[in-house]
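Protein chains in written order, with this note's numbering: chain A, 1 to 190; chain B, 191 to 512.
Below is one structure, written out as structure tokens, with a few remarks after it.
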Amino acid sequence: MANYSTNEFKGGLKVMLDGDPCSIVDNEFVKPGKGQAFNRVKLRNLKTGRVWERTFRSGESLESADVMDRDMEYLYNDGEFFHFMEPETFEQHQADAKAVGDAAKWLKEQDICVVTLYNGSPLAVTPPNHVILEITDTDPGVRGDTAQGGTKPATLSTGAVVKVPLFLEIGETIKVDTRTAEYLGRAKED
Amino acid sequence: MSDISLWQPTAPLDNLRRRATLLADIRRFFSERQVLEMEVPILSRRATSDPHIDSITADCSGAPAFLATSPEFGLKRLLAAGMGDCYYLGKAFRNGEAGGRHNPEFTMLEWYRVGWDDHRLMIEVGEFLSWVLNISRVCSYSYRALFLKFVDIDPHRASLEELKAVVARVLELSFEPADRDECLDLLMSHHIEPNMDLSGERGITLVYDFPASQAALARVEHDELGAPVARRFEAYVAGMELANGYWELTDATEQQRRFEADQKYRVEHGKSVNPYEERLVEALAAGMPACAGVALGVDRLLMLACGAERIDEVIAFPIERA
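Right under this line is the structure:
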């Protein structure tokens, strides 16, 4: 694997630190006029999501991490693993619940997700920013009450629970922002 | 990719206009005080010997030459020749220094006052910065007082182990600090400097009496508690280092010894070793008048004047576009 020196560190670079793959968030060169040069680096641990701040001596280097992001189609969950497929090569990957994490509640079959591979295996899954899902459970709708702005919880086909306007009914499909769990609107009828 | 805009300056044109007025203001400040502008070589056959500063090497007429890391040696030779109060305003170069507050090529102001000591010059640095930045609050602390205030440790007396413990408390490092100075540099640059404006109000902070081990070309004397300290000071504004000054070393023998110690450090740490300026030693031996001098980063001063966060907002073409 290649090594990167502190002067090559920049946002998005994937490196190994303490045995874990990390993504560099920020790299600040710090040098007192008459003193030694350091690099103050912020890194996100791709396994835990935690952001570290660590100071290096300028010129130190880190090993690159074999990490890449791939667009993949979500196929199905067999009860233990989530299965994804690369649309061009049809190569399939299985991800465990730990790698999928919170993304699980947004995964709908055939949606295109970003799967982060580490040494060829799924490390993390990022759902599409916007998903269209069916309401499978919610309190009965209140017709005509569109102006008041009240909300109620609704359970979606994937298990996610989001707040929706009072007028929505079971069986309707809605568009949701997966980053905020925010209701964006009714899905347009195809 | 938007590579098509790489011909353009990184700095807004208004900041570059501000640079023009700042340079004119600086020259007026010194003209009114009868301090003369001097030109000294930017290209020299001698390099810096500073342990932590690297010269850029050029090829001149088939032999190595070095871009000046500061105008110090040239100005001191002029002082020894009897020039009197003088300054340099122009470019200096430091290899490998690039980042939010660094560009390998930068603009430096350096001036000397004959007969003054560090404390007298600190007053003038405060006046200069107050005038340029329109800030009235000036605080000064000894290096010791600052460390006592921020990390509750005496930087001149604490052992390496004690310093390492403080560093471990406030910072996460990828390495074990090698010596006391590395610990002190880490604490100063990462912990103290960013938090220097204690009241939250922007002020000028002057720090004096640095550790003797960080004397560079300043005199070393004993402070009121008997610790050897460098008669060296630094100026900071908004958590940013702006200027470094000395009550200048005039002892040729001591100068020679420090050059040799610096070279030894560079050899031991695998750094480039270049010829040092023995003509400075000759100038001191011939008799340089007692004086104080200070070097100030003009680009950073301009950052403060423009409210810029990064140095590339005040330099038209930083190294990535130069």
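Just so you know, even glycine gets a beta-carbon here, dropped at the ideal spot from N, CA and C.
Supposed contact pair A:LYS163 and A:TYR183 - C-beta distance, whole angstroms, cut 8 angstroms: As a first step, residue 183 of chain A is located in the first sequence; it is residue number 183 there, counting from the start. As a first step, residue 163 of chain A is located in the first sequence; it is residue number 163 there, counting from the start. A Cβ-Cβ distance of about 6 angstroms is found for the pair A:TYR183 and A:LYS163, placing them in contact under the 8 angstroms criterion.
On the premise that A:VAL25 lies in contact with A:ARG44, defined as a C-beta separation below 8 angstroms, what is that separation, rounded to the nearest angstrom? By 1-based counting over the first sequence, the position of residue 44 of chain A is 44. By 1-based counting over the first sequence, the position of residue 25 of chain A is 25. Confirmed, about 6 angstroms.
Closer than 8 angstroms to chain B by CB, A:ALA97: If you number the first sequence from 1, residue 97 of chain A lands on position 97. Contacts with chain B at 8 angstroms (Cβ-Cβ) do not include A:ALA97.
The ligand FAD heavy atoms versus the CB of A:THR158: any closer than 7 angstroms? Only the bare structure without any ligand can be found here, which leaves the ligand FAD out of the picture.
Same chain only: Cβ atoms within 6 angstroms of B:ARG347, ignoring 5 sequence neighbours per side: Start at 1 with the first residue of the second sequence, and residue 347 of chain B comes out as number 157. Same-chain partners within the cutoff: there are none.
CA-CA distance, B:TYR426 and B:GLU300? Looking up residue 426 of chain B in the second sequence gives position 236. Looking up residue 300 of chain B in the second sequence gives position 110. Between B:TYR426 and B:GLU300, the C-alpha separation is close to 16 angstroms.
Determine whether the Cβ of B:ILE501 lies closer than 8 angstroms to any Cβ atom of chain A. In the second sequence, the residue the question calls residue 501 of chain B occupies position 311. No, B:ILE501 lies away from the interface with chain A (no Cβ there is under 8 angstroms from its Cβ).
Cβ shell of B:TRP306 (< 6 angstroms), same chain only, five flanking positions each side left out: The residue you call residue 306 of chain B lines up with position 116 of the second sequence. So the list reads ALA482, once near-sequence residues are dropped.
Using the rule of at least 16 other Cβ atoms within 10 Å of the residue's Cβ for burial, across every protein chain shown, is B:MET191 buried or exposed? Here the question's residue 191 of chain B lines up with position 1 in the second sequence. Since pLDDT at B:MET191 reaches only 45, below the 50 mark, its modelled position is unreliable, and the value read off the structure follows with that caveat. By the Cβ neighbour-count rule, B:MET191 is exposed, with fewer than 16 other Cβ atoms within 10 Å of its own.
Indicate whether the contact test is met: 3 or more Cβ pairs, each with one atom in the stretch 438-451 of chain B and one in the stretch 216-232 of chain B, closer than 8 angstroms. No, the stretch 438-451 of chain B does not touch the stretch 216-232 of chain B.
Can you list the alpha helix (DSSP H) stretches of 4 or more residues lying completely in the stretch 261-334 of chain B, in chain order? Under the rule that a run must span 4 or more residues, the alpha helix (DSSP H) segments found entirely inside the stretch 261-334 of chain B read 262-270, 308-323.
Buried or exposed: B:VAL457, going by 16 or more other Cβ atoms within 10 Å of its Cβ? By one-based count along the second sequence, residue 457 of chain B stands at place 267. Its Cβ having fewer than 16 others within 10 Å, B:VAL457 is exposed.
Could you check the C-alpha separation between A:GLU53 and B:GLU362 for me, to the nearest Å? The residue you call residue 53 of chain A lines up with position 53 of the first sequence. The residue you call residue 362 of chain B lines up with position 172 of the second sequence. If you draw a straight line from the Cα of A:GLU53 to the Cα of B:GLU362, it comes to about 7 angstroms.
Measuring CA to CA, which of B:LEU486, B:ASP204, B:ILE394 is closest to B:TYR277? Residue mapping note: residue 277 of chain B aligns to position 87 of the second sequence, counting from 1. Of the candidates B:LEU486, B:ASP204, B:ILE394, the one whose C-alpha sits nearest the C-alpha of B:TYR277 is B:LEU486.
Contacts that A:ALA37 makes with chain B (C-beta to C-beta distance below 8 angstroms): On the first sequence, residue 37 of chain A is found 37 positions in, with the first residue counted as 1. Those are HIS242, GLY286, GLU287, listed as they occur along chain B.
Just the chain A side, please: which residues come within less than 8 angstroms of B:GLY150 by C-beta, in chain order? Outside the modelled stretch of chain B, which goes from 191 to 512, sits residue 150 of chain B, for which no answer is possible.
Please go through the same chain and pick out, in chain order, the residues whose beta-carbon is closer than 7 angstroms to the beta-carbon of B:LEU257, but skip the five residues on each side of it. Within the second sequence, the letter at position 67 stands for residue 257 of chain B. Only ILE232, LEU233, SER245, ILE246, ALA248, PHE283 meet the Cβ criterion.
Would A:ASP78 be called buried (16 or more neighbouring beta carbons within 10 Å of its own) or exposed? As a position in the first sequence, residue 78 of chain A is number 78, starting the count at 1. Answer is exposed; the Cβ neighbour count stays below 16.
Opposite B:ILE246 in the DSSP bridges: which residues? By one-based count along the second sequence, residue 246 of chain B stands at place 56. Partner(s): B:LEU257.
Cβ of B:ASN324 within 8 angstroms of Cβ of B:ASP489? Against the second sequence, residue 324 of chain B aligns to sequence position 134. Against the second sequence, residue 489 of chain B aligns to sequence position 299. No, the Cβ-Cβ distance between B:ASN324 and B:ASP489 is not below 8 angstroms.
Beta-carbon of B:ALA506 versus every beta-carbon of chain A: anything under 8 angstroms? For the purposes of this step, residue 506 of chain B is taken as the residue at position 316 of the second sequence. Proximity of B:ALA506 to chain A, defined by a Cβ-Cβ separation below 8 angstroms, is not satisfied.
Give, in chain order, every unbroken run of the alpha helix (DSSP H) that is at least 4 residues long and sits entirely within the stretch 405-471 of chain B. For the stretch 405-471 of chain B, the full-length alpha helix (DSSP H) segments reaching 4 residues or more read 442-458 along the chain.
Suppose you measure from the CA of B:SER379 to the CA of A:GLY33; what does that come to, to the nearest Å? The residue you call residue 379 of chain B lines up with position 189 of the second sequence. The residue you call residue 33 of chain A lines up with position 33 of the first sequence. The alpha-carbon atoms of B:SER379 and A:GLY33 are separated by roughly 10 angstroms.
So, helix, strand or coil for B:HIS381, using DSSP? Here the question's residue 381 of chain B lines up with position 191 in the second sequence. Looking at B:HIS381 - three-state DSSP - the assignment turns out to be helix.
Opening and closing residue of the beta strand (DSSP E) in which B:ASN205 lies: Start at 1 with the first residue of the second sequence, and residue 205 of chain B comes out as number 15. DSSP places B:ASN205 in no beta strand (DSSP E) but in the uninterrupted alpha helix (DSSP H) bounded by 203-222.
Closer than 7 angstroms at the beta carbon, the chain C residues around B:HIS381: Judged by its chain identifiers, the structure shown contains no chain C, and its protein chains are A and B.
Neighbour-count burial assignment, B:PHE365, 16 or more Cβ in a 10 Å radius: Position 175 of the second sequence, counted from the first residue, corresponds to residue 365 of chain B. It counts as exposed.
Secondary structure of B:ILE501, DSSP reduced to three states: Here residue 501 of chain B refers to the residue found at position 311 of the second sequence. Helix, per DSSP.
Can you give me the Cβ contacts of B:ILE343 inside the same chain, cut-off strictly under 8 angstroms, excluding the 5 residues immediately before and after it? Residue mapping note: residue 343 of chain B aligns to position 153 of the second sequence, counting from 1. Correct list, in chain order: PHE337, GLU352, LEU353, VAL356.
Tell me the start and end of each unbroken beta strand (DSSP E) in the stretch 92-143 of chain A that is at least 3 residues and wholly inside, in chain order. Whole beta strand (DSSP E) segments, 3+ residues: 92-95, 112-118, 121-126, 130-138.
Check each candidate in B:GLU503, B:ASP371, B:ALA495 and name the one with the smallest Cα separation from B:ASP215. Within the second sequence, numbered from 1, the residue matching residue 215 of chain B stands at position 25. Ranking B:GLU503, B:ASP371, B:ALA495 by Cα distance to B:ASP215 puts B:ALA495 first.
Taking contact to mean at least 3 C-beta pairs separated by less than 8 angstroms, is the stretch 383-397 of chain B in contact with the stretch 406-425 of chain B? Contact holds between the stretch 383-397 of chain B and the stretch 406-425 of chain B, because three or more Cβ pairs, one in each stretch, are under 8 angstroms apart.
So which of A:VAL115, A:PHE167, A:PHE90 has the shortest CA-CA distance to A:ASP139? The residue you call residue 139 of chain A lines up with position 139 of the first sequence. Nearest in C-alpha terms to A:ASP139, of all of A:VAL115, A:PHE167, A:PHE90, is A:PHE167.
Are there three or more Cβ pairs, one per stretch, closer than 8 angstroms when the stretch 169-185 of chain A is compared with the stretch 116-136 of chain A? Contact between the stretch 169-185 of chain A and the stretch 116-136 of chain A is present: three or more C-beta pairs spanning the two stretches fall below 8 angstroms.
Which of helix, strand or coil DSSP assigns to A:THR6: The residue given as residue 6 of chain A occupies position 6 in the first sequence. If DSSP states are grouped into helix, strand and coil, A:THR6 belongs with the helices.
Coil, strand or helix - B:VAL230 by DSSP: Taking the first residue of the second sequence as 1, we reach residue 230 of chain B at position 40. The three-state reading of DSSP puts B:VAL230 in coil, since its state is none of H, G, I, E or B.
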